[in-house]
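This report concerns only the one structure given below.
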Amino acid sequence: MTTDCPVHWVDTPIALEAMVADCLSAEVIALDTEFERSHTFFAQPCLIQLCDGKKVYLLDPIAIPDLTPLGALLAEPGITKVLHACSEDLQLLQRTVKRLPQPLFDTQLAAALAGLGNSVGYQRLVAEVLDKSLGKAETRSNWQDRPLSSAQLQYAVDDVWYLHQLYYALVKLLAAQGRTQWVLNDGAALCAEYQVTTDLTNYYRQIKQAWRLYPRELAILQALATWREQQLLARDIPRNHLLGDQLLWQIARRKPRYKAQLATIKGIKSSVIKRDGDTILNCVRQGMIIKEENLPERLPKPLPPSSKRYVKKGKQWLAVKAEALQIPVEVLMPKKPFQAIIRSGLYDNVFRWSMDEDNWRYHCFGQELVAYLNEIKQGLVS
44 MTTDCPVHWV
54 DTPIALEAMV
64 ADCLSAEVIA
74 LDTEFERSHT
84 FFAQPCLIQL
94 CDGKKVYLLD
104 PIAIPDLTPL
114 GALLAEPGIT
124 KVLHACSEDL
134 QLLQRTVKRL
144 PQPLFDTQLA
154 AALAGLGNSV
164 GYQRLVAEVL
174 DKSLGKAETR
184 SNWQDRPLSS
194 AQLQYAVDDV
204 WYLHQLYYAL
214 VKLLAAQGRT
224 QWVLNDGAAL
234 CAEYQVTTDL
244 TNYYRQIKQA
254 WRLYPRELAI
264 LQALATWREQ
274 QLLARDIPRN
284 HLLGDQLLWQ
294 IARRKPRYKA
304 QLATIKGIKS
314 SVIKRDGDTI
324 LNCVRQGMII
334 KEENLPERLP
344 KPLPPSSKRY
354 VKKGKQWLAV
364 KAEALQIPVE
374 VLMPKKPFQA
384 IIRSGLYDNV
394 FRWSMDEDNW
404 RYHCFGQELV
414 AYLNEIKQGL
424 VS
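Shown next, in the form of structure tokens:
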């Protein structure tokens with residue numbers, strides 16, 4: 044190993060409980076996952092690495108199918124969990140442990156807020172900040188095979204050992220700029236958004252063109268999408284092997300009552316109708332009988348042509364602010380909340396801040412941005 048630290052292999056429920064109890068006394072836990080997804084829709088966990096700064100734990104989820112005891116550690120509010128570019132890790136942890144790591148410190152986001160660039164890869168970040176060179180050879184290796192090779196073990200240990208060190212180095216940079224809390228703020232927002240978007244009943248909102256549907260059709264789409272997502276979990280198959288998003292949209296729009304009507308929808312497989320046709324039609328019926336007051340609201344339309352001026356001016360303003368703060372503009376103001384601000388001014392006649400006012404962006408520049416857009420609307424700025 045390139046690191047000089049004790050390494051514990053965790054492959055029994057008793058060892059898992061002991062690891063959790065040991066780590067609960069830490070202030071910071073670095074965490075990473077290795078998984079396999081080439082033959083399944085959902086990532087299959089192969090290894091979970093943790094480091095408390097003194098020891099590295101290699102948790103074997105193949106040997107321990109029940110990972111729920113890890114949830115107590117992930118949810119402990121007094122321990123900062125450090126991950127890098129964590130979207131796939133969050134997906135895996137939510138599905139296998141049923142908890143998300145909070146408070147969350149994402150080192151890729153931290154690097155961006157510290158002025159080190161956007162979407163910086165882990166190896167590059169370790170090289171620049173810690174002056175350490177990490178190999179990439181095992182990144183795509185087969186993590187399902189046992190025993191793991193010495194090269195894989197070294198890679199796995201180094202990954203979280205240096206991630207733990209990276210946290211303190213980045214915090215030092217961020218603290219000098221007063222931005223440490225920004226990372227934790229965004230980590231909390233990421234987890235909150237992730238819980239909403241991974242709620243199966245909300246998936247229908249992600250389907251393209253769903254904004255074109257009326258509330259009754261949206262109710263059908265929601266029932267169909269919820270059922271489809273549940274089946275993906277149960278069967279572990281890609282969406283298109285059952286029903287793709289656009290097929291769900293077509294079914295919701297056409298509201299078939301019988302299998303013969305269902306079969307006329309282009310692209311739907313006869314095998315799906317044979318196996319799941321009755322359930323699909325039942326989802327349609329569920330949407331049709333919902334009371335008017337309980338129907339979902341229509342989804343926001345895409346920004347109209349009349350928004351172009353405000354979008355252009357707003358982006359120019361943000362670019363200047365991003366350069367001054369040395370933060371990538373994509374990180375400074377994400378696309379969705381920016382569009383929500385623009386939409387507010389088009390339909391409510393005044394531009395309003397779209398995110399929580401406790402978000403650091405509101406105090407850093409949000410009030411200025413909204414005021415600037417309103418001045419343009421009032422003709423005070425050309």
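Residue numbers (this note's numbering): 44 to 425.
C-beta atoms are modelled at their ideal positions from N, C-alpha and C, and glycine is treated no differently.
Report yes if the C-beta distance between residue i and residue j is below 9 Å; otherwise report no.
{"i": "Pro144", "j": "Leu156", "result": "no"}
{"i": "Val71", "j": "His207", "result": "yes"}
{"i": "Ile263", "j": "Ala219", "result": "no"}
{"i": "Tyr198", "j": "Thr182", "result": "yes"}
{"i": "Gln293", "j": "Lys309", "result": "yes"}
{"i": "Asp202", "j": "Leu168", "result": "no"}
{"i": "Asn402", "j": "Lys420", "result": "no"}
{"i": "Ala69", "j": "Asp95", "result": "yes"}
{"i": "Arg386", "j": "Pro343", "result": "yes"}
{"i": "Gly158", "j": "Arg259", "result": "no"}
Quick check on residue i: does DSSP put it in helix, strand or coil?
{"i": "Met44", "result": "Confidence in Met44 is poor, its pLDDT being 46 and thus under 50, which makes the residue's placement unreliable; the coordinate value appears in the next sentence. The answer is coil: DSSP assigns Met44 none of H, G, I, E or B."}
{"i": "Asp54", "result": "coil"}
{"i": "Asp149", "result": "strand"}
{"i": "Gln399", "result": "Just to set this straight, residue 399 is Asp in the shown sequence, not Gln. The answer is coil: DSSP assigns Asp399 none of H, G, I, E or B."}
{"i": "Leu243", "result": "helix"}
{"i": "Thr76", "result": "strand"}
{"i": "Lys344", "result": "coil"}
{"i": "Val71", "result": "strand"}
{"i": "Leu286", "result": "coil"}
{"i": "Asp65", "result": "helix"}
{"i": "Asp229", "result": "helix"}
{"i": "Gln249", "result": "helix"}
{"i": "Val354", "result": "helix"}
{"i": "Val424", "result": "coil"}
{"i": "Gln369", "result": "coil"}
{"i": "Lys141", "result": "coil"}
Buried or exposed: where does residue i fall if 16 or more other Cβ atoms within 10 Å of its Cβ makes it buried?
{"i": "Trp254", "result": "exposed"}
{"i": "Asp319", "result": "buried"}
{"i": "Tyr301", "result": "exposed"}
{"i": "Val363", "result": "exposed"}
{"i": "Tyr247", "result": "buried"}
{"i": "Thr55", "result": "exposed"}
{"i": "Val239", "result": "exposed"}
{"i": "Lys379", "result": "exposed"}
{"i": "Leu423", "result": "exposed"}
{"i": "Gln265", "result": "buried"}
{"i": "Ala268", "result": "buried"}
{"i": "Glu400", "result": "exposed"}
{"i": "Leu74", "result": "buried"}
{"i": "Tyr210", "result": "buried"}
{"i": "Ile107", "result": "buried"}
{"i": "Gln322", "result": "Looking at the sequence provided, one finds Thr at residue 322 rather than Gln. Under this definition Thr322 is an exposed residue."}
Where does the unbroken alpha helix (DSSP H) through residue i begin, and where does it stop?
{"i": "Asp319", "result": "313-332"}
{"i": "Lys98", "result": "Taken as a continuous stretch (DSSP letters only), Lys98 belongs to no alpha helix (DSSP H), as it is neither H nor E."}
{"i": "Leu305", "result": "302-306"}
{"i": "Leu126", "result": "No alpha helix (DSSP H) holds Leu126; the beta strand (DSSP E) holding it covers 123-126."}
{"i": "His207", "result": "193-220"}
{"i": "Tyr390", "result": "378-390"}
{"i": "Asn417", "result": "410-420"}
{"i": "Trp270", "result": "258-278"}
{"i": "Tyr165", "result": "165-173"}
{"i": "Cys187", "result": "Here residue 187 turns out to be Gln, not Cys, going by the sequence shown. Taken as a continuous stretch (DSSP letters only), Gln187 belongs to no alpha helix (DSSP H), as it is neither H nor E."}
{"i": "Ala115", "result": "114-117"}
Tell me the rounded alpha-carbon separation between residue i and residue j.
{"i": "Glu272", "j": "Asp174", "result": "44 Å"}
{"i": "Thr244", "j": "His127", "result": "28 Å"}
{"i": "Lys312", "j": "Gln289", "result": "14 Å"}
{"i": "Glu171", "j": "Tyr257", "result": "52 Å"}
{"i": "Leu213", "j": "Ala306", "result": "57 Å"}
{"i": "Cys407", "j": "Gly230", "result": "18 Å"}
{"i": "Thr111", "j": "Val140", "result": "5 Å"}
{"i": "Pro281", "j": "Ala86", "result": "12 Å"}
{"i": "Leu101", "j": "Val50", "result": "7 Å"}
{"i": "Asp47", "j": "Pro377", "result": "40 Å"}
{"i": "Gln274", "j": "Leu285", "result": "9 Å"}
{"i": "Met44", "j": "Lys179", "result": "For Met44, the predicted structure reports a pLDDT of 46, less than 50, and the residue's modelled location is therefore unreliable. A value from the coordinates is still provided. So the alpha carbons of these two residues sit roughly 15 Å apart."}
{"i": "Pro146", "j": "Leu113", "result": "15 Å"}
{"i": "Asn185", "j": "Arg395", "result": "49 Å"}
{"i": "Leu338", "j": "Cys129", "result": "35 Å"}
{"i": "Ile91", "j": "Ala235", "result": "23 Å"}
{"i": "Ala58", "j": "Ala232", "result": "32 Å"}
{"i": "Leu117", "j": "Arg142", "result": "7 Å"}
{"i": "Ala383", "j": "Ala303", "result": "42 Å"}
Starting from residue i and walking both ways along the beta strand (DSSP E), at which residues does that stretch end?
{"i": "Gln92", "result": "87-94"}
Any C-beta of chain C sitting closer than 9 Å to the C-beta of residue i?
{"i": "Lys298", "result": "No chain C is part of this structure, which consists of one protein chain only."}
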